[in-house]
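Line by line, the protein sequences are chains A and Y.
Going from the first sequence to the working numbering is simple: count from 1 and add 164.
Going from the second sequence to the working numbering is simple: count from 1 and add 40.
Here a beta-carbon is modelled for each residue, glycine too, at the ideal position from N, C-alpha and C.
Please read the structure below before turning to the comments.
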Amino acid sequence: MPVKKMYALTYLLVFTLVLAGCQPISMVISNGNSKNDEEGFNNDLLTMVVPYNSGGGTDVFARFIANPLSGHIENQPGIQIENVPGGGSITGTNEYVNSYEKDGTNLVATSASTHIPYLLNQSSVQYSFDELTPLVGAPTGGVVYGSADLDIESGYELDQVKEKLYYAGMSPTGLDLTTLISFEVLDIDSKAVLGYEGRGPARVAFEQGESNIDFQTTTAYKQNIEPKVKDGKAIPLYSLGQIDETGEVVRDPQFPELPTIKEVYKDIHGAEPEGQAWETYKHFLNATYTLQKIIWVHKSAPESAKEKLKKAANRLVEDEDFKKESSSILENYDIYTQDDLEKRIENLEENTNQKTIEWVYQFLLDEHGVDGRKL
Amino acid sequence: MIDSALEALRIVLDPSRILFTCLGIGLGIVVGLLPGLGGTVGMSLLLPFIFGMDPFIGMALLIGMVAVVHTGDTFPSVLLGIPGSSGSQATIMDGFPLAKKGEASRAMGAALFCSMIGGIIGGVVLYLAIPFAAPLITSFNSPVLFMLTMLGLSMAGLLAGDSPAKGALSGLIGLMIGSIGSAPAITEYRYTFDFLYLSNGLSLPVVALAIFAFPILITMLTHKGSVAEASQLKGGVLKGVGDALKNKLLVFRSAVLGSLIGFIPGLGGSVVDWLAYGAGKKTVKNSKFGEGDIRGVIAPESANNAKEGGALIPTLLFGIPGSGTTAILLGGLILMGLEAGPRMLTTELPLTLSIVWTLVIANIIGAILCMTLVKPIAKLSLIPGEKLVPFLTILLLIGAYQSNFAWGDIIAFIVIGLLGYIMTVLDWPRPPLLIGFVLAISAERYYWISIERYGWEWLSNPIVITIGALIVILLTGGSIMKKISSNLQNQEV
């Protein structure tokens, strides 16, 4: 009976619409309540928004930091993780700045893939580092390595490679971007084959010979590539390096014996790297590696609440137990003190200029056929 | 390795660990049983608790849960025709007609028994694959993976039912829905209409639930009356077990197929039940698949539990998740201070072996537990549909909502559900749509990579040619066989 079927359909539709209708109402209520008073902060419960699915790198980082961090905050409030996945982490971060109460009880954890769309000025991004105060930050590193078939001993001989270079990556606007710019700086002519599902599959592609130049972040490199280096199947070429307080590229503390891209450049070209490509590289290296994971609070949160959180973050740096326990998750890097972190973010913001963005847009368009303005 | 395997068994059987395995099993059965919730939800629920746990205990909990999700999810598939998780849709095809005939218990018995055997075979495959896993996985390069996705897509043809044209169209619609969102290689958005929600594409649970469960809700309301048309339930659990034993070879075949598909990274283990169903349909004699053939329950159920064992190989050794569930498992490993990688086979070998044992043990306990539940739960099929609908609607909406926690999930659920309903009314096959949806991104990804990396050279790869030939045989084989047999019949006449 078609009539009865129509009834059923209508019933389901109405039901869902009612459910959907509840959403804006609850949002209105929560916004209405946002008196920026101090009381909110004495709550027993803080919320940490993680704009990624549970089980991912940033989620693990956030869950790991939550407990020790809360231990250093007055009253030791619990910190509850709230995953808001989707839109490559843009959805959750937008939601954090737009609809979470700015009373200092809500934190957000971001990662390189949250930072890149912001640096590229993507239209869907509604957050800005200007509106956020960083609390805890941790770096990661990256190492570029090549296959033994390339017939070279180290990164210094990169200009003597005769084989065609293939690089396996995920997307030109993800973490690969920093590595791709590093190739541009060094003038390495490699064919970037993008579209792999993640760093893991890209590593398998390297093992199959589908690619012969690749990079991995610190832990993955130590776990999977160092054994291959020992077997003579892979050769470390250079580390992406870290950005120090003065904004210069220095050796990665986890790979003190590996030359950075800067040293390799100097050896090959006989001069210090300079120019827009180099400036852009440093900018992205800073935002995607040196400042890879950051926990923030709204900048407009009450000062007293922010002070308490900042103090807790600083105490966390000195916490010896935390240092010991965190070594595997933080890949043996140290977290930054809050003051240091805030300065680094300020520097990053100062270095963001139209020239850098224009250069990246041109690079993406020329090399990968992606129009950055339309992202 | 046998020594270490026995050592691992001793670790697993430690009372405190068995307790956690049982906790995991309990949760796994519940999330499997509730329509719409699956292994991914179970994992997310457990993740906060395993933080800092002893890896053996944490793994007992997680693997115990994963092992039985596809045991518990059989209940709603058979009894209500609603997939219990996105991995048990093919069970509906014959399980639900059996429930309508009042043979729910028999179908459940067969399904649970096969789940158990499948799970054990999956564990054994995991164990046997440990020594050659690394060379095997690196032998699948992008062109081969692309051809495998094509092979999967051509399986859609087997499930098309009477009209191949409708099946092909349905598969194409699936491919189109699958291409929503960001392209795999270039940052380019398709069919997103500037909605941020769509930029990552639709999630599998939303599409799978919508396409299969939504139409059932409507039919339940319009048809009145209970699922079982016969008022008395006949055929017990044991009869089902007997059926499974009679089809030993099918069980074994499907389970091996399941673990192999789970093992190949990037192929989307989520359609393994359909592939096993399709393969079963093609290879058994006198198939009445789709009308309540018990073998149509046996094939997918043997495969979907076996998949989990296979999928753990790339996850543990390479850090490449084979499914949504194993993706979260990777995070769980890190929280327990471990990292997936080659070390899982050397220094962490005992842990890997304990996972094998947990898989096997959990499957046995889970299946036995479920069998005792069959009798009371089978009565669900006697309850009038309209009384079940409100309960199910809420569960399904929650199930859809948990994929992104966004209102877009519910809107997508309704829109695709309506599409599913229209397809049922017009009698269009829905499985091809789902297979197309799941394989869309993989197919595009590996095609793109093959061309980018090798140009057209990859077409001359011998494995590519072999799989290509297999696809041609699969697609034409059926009709050629039919012609031959009808010719023979004509001659006899």
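Next on the checklist: By the DSSP assignment, the beta strand (DSSP E) with Leu460 of chain A in it spans what residues?
Outcome noted: Before going on, a small fix: residue 460 of chain A reads as Trp here, not Leu. Start and end: 457-462.
Checklist entry - How many whole angstroms separate the CB atoms of Leu435 of chain Y and Pro75 of chain Y, which I take to be in contact at a CB cut-off of 8 angstroms? => result 5 angstroms
Checklist entry - Can you name the start and end residues of the alpha helix (DSSP H) that Glu489 of chain A belongs to? => result 484-490
Checklist entry - Tyr231 of chain Y: buried (16+ other C-beta within 10 angstroms of its C-beta) or exposed? => result exposed
Checklist entry - Is Ser239 of chain Y helix, strand or coil by DSSP? => result helix
Item to check | Partners in chain Y for Asp223 of chain A, counting only beta-carbon separations shorter than 7 angstroms | outcome: Gly371
Next on the checklist: So Thr255 of chain A contacts chain Y; which residues on that side make the cut at Cβ distance below 9 angstroms?
Outcome noted: Leu236, Tyr237, Ser239, Asn240, Asn444, Ala446
Next on the checklist: Based on DSSP bridge pairs, tell me the residues matched to Tyr330 of chain A.
Outcome noted: A:Lys355
Checklist entry - In chain A, what lies closer than 7 angstroms to Gly15 of chain Y by C-beta? => result The shown model of chain Y, from 41 to 533, leaves out residue 15 of chain Y, and the question about it has no answer.
Checklist entry - What are the residues of the segment 347-371 of chain Y that lie near chain A, defined by any Cβ-Cβ distance shorter than 7 angstroms? => result Phe358, Gly359, Ile360, Ala367, Ile368, Leu370, Gly371
Next on the checklist: Among the candidates A:Ser491, A:Met212, A:Leu283, whose CA atom is the shortest distance from the CA of Ala302 of chain A?
Outcome noted: A:Ser491
Checklist entry - Using the rule of at least 16 other Cβ atoms within 10 Å of the residue's Cβ for burial, across every protein chain shown, is Asn239 of chain A buried or exposed? => result exposed
Item to check | Distance between beta carbons of Gly276 of chain Y and Arg470 of chain Y, contact taken as under 8 angstroms | outcome: Not confirmed; about 31 angstroms, so no contact.
Item to check | Contacts of Ala253 of chain Y in chain A (Cβ-Cβ under 9 angstroms) | outcome: Per Cβ cutoff of 9 angstroms: no residues; Ala253 of chain Y is ~11 angstroms from chain A at best.
Next on the checklist: Could you check if Ile507 of chain Y belongs to the surroundings of the ligand ATP, using beta carbon to heavy atom distance under 7 angstroms?
Outcome noted: No copy of the ligand ATP appears in this structure; indeed no ligand is present at all.
Checklist entry - For Ala151 of chain Y, which residues from the same chain have a beta carbon less than 6 angstroms from its beta carbon, with the 5 sequence-adjacent residues on both sides left out? => result Thr114, Val337, Glu341
Checklist entry - Gly242 of chain A: buried (16+ other C-beta within 10 angstroms of its C-beta) or exposed? => result exposed
Checklist entry - Does any CB atom of chain Y fall closer than 8 angstroms to the CB of Ser190 of chain A? => result Summary for Ser190 of chain A: the model assigns pLDDT 37, below 50, so the residue's position carries little reliability, and this model does not support an answer.
Item to check | Ile405 of chain Y, buried or exposed, once every other Cβ within 10 Å from all chains shown has been counted against 16 | outcome: buried
Item to check | Within chain A, the residues that Phe89 of chain Y reaches when beta carbons sit closer than 7 angstroms | outcome: Simply none; closest approach about 11 angstroms.
Item to check | Proximity test, Cβ basis, 8 angstroms: Gln440 of chain A and chain Y | outcome: no
Checklist entry - From the beta carbon of Gly364 of chain A, is the nearest beta carbon of chain Y less than 8 angstroms away? => result yes
Item to check | Arg545 of chain Y: contacting residues in chain A (beta-carbon distance under 7 angstroms) | outcome: Any answer about residue 545 of chain Y is impossible in this case: the structure gives chain Y only from 41 up to 533.
Checklist entry - Should Ala248 of chain Y be flagged as near chain A, meaning a C-beta pair shorter than 8 angstroms? => result no
Item to check | Short CB-CB distance (under 8 angstroms) between Pro336 of chain A and chain Y | outcome: yes
Item to check | Three-state class that DSSP yields for Leu529 of chain A in the structure shown | outcome: helix
Checklist entry - Once you ignore the five residues that flank Phe91 of chain Y on each side, which residues in its own chain have a CB closer than 7 angstroms to its CB? => result Leu375
Item to check | the segment 463-487 of chain Y: positions lying closer than 7 angstroms to chain A by Cβ | outcome: Arg485
Checklist entry - Taking Cβ-Cβ distances shorter than 9 angstroms, what residues in chain A pair up with Met187 of chain Y? => result Per Cβ cutoff of 9 angstroms: no residues; Met187 of chain Y is ~15 angstroms from chain A at best.
Checklist entry - When the Cβ atoms of the segment 472-481 of chain Y are set against those of the segment 188-203 of chain Y, are three or more pairs found closer than 8 angstroms? => result yes
Checklist entry - So the alpha helix (DSSP H) Ser248 of chain Y belongs to, where does it begin and stop? => result The displayed chain sequence assigns Ala, not Ser, to residue 248 of chain Y. First-last of the alpha helix (DSSP H) with Ala248 of chain Y: 244-263.
Checklist entry - Just checking my contact of Ser299 of chain Y with Gly320 of chain Y at CB under 8 angstroms: how many whole Å lie between their CB atoms? => result With 8 angstroms as the limit, Ser299 of chain Y and Gly320 of chain Y do not qualify as a contact, their Cβ atoms being about 16 angstroms apart.
Next on the checklist: I want to see whether chain A comes within less than 8 angstroms of Arg493 of chain Y, judged by CB atoms only; does it?
Outcome noted: yes
Next on the checklist: Please identify, using Cβ separations under 8 angstroms, the residues of the segment 73-87 of chain Y that lie next to chain A, in order along the chain.
Outcome noted: Met83, Ser84, Leu87
Checklist entry - What are the residues that DSSP puts in a beta bridge with Gly221 of chain Y? => result Y:Arg230
Item to check | Reduced DSSP category for Ser203 of chain Y - H, G, I as helix; E, B as strand; rest coil | outcome: coil
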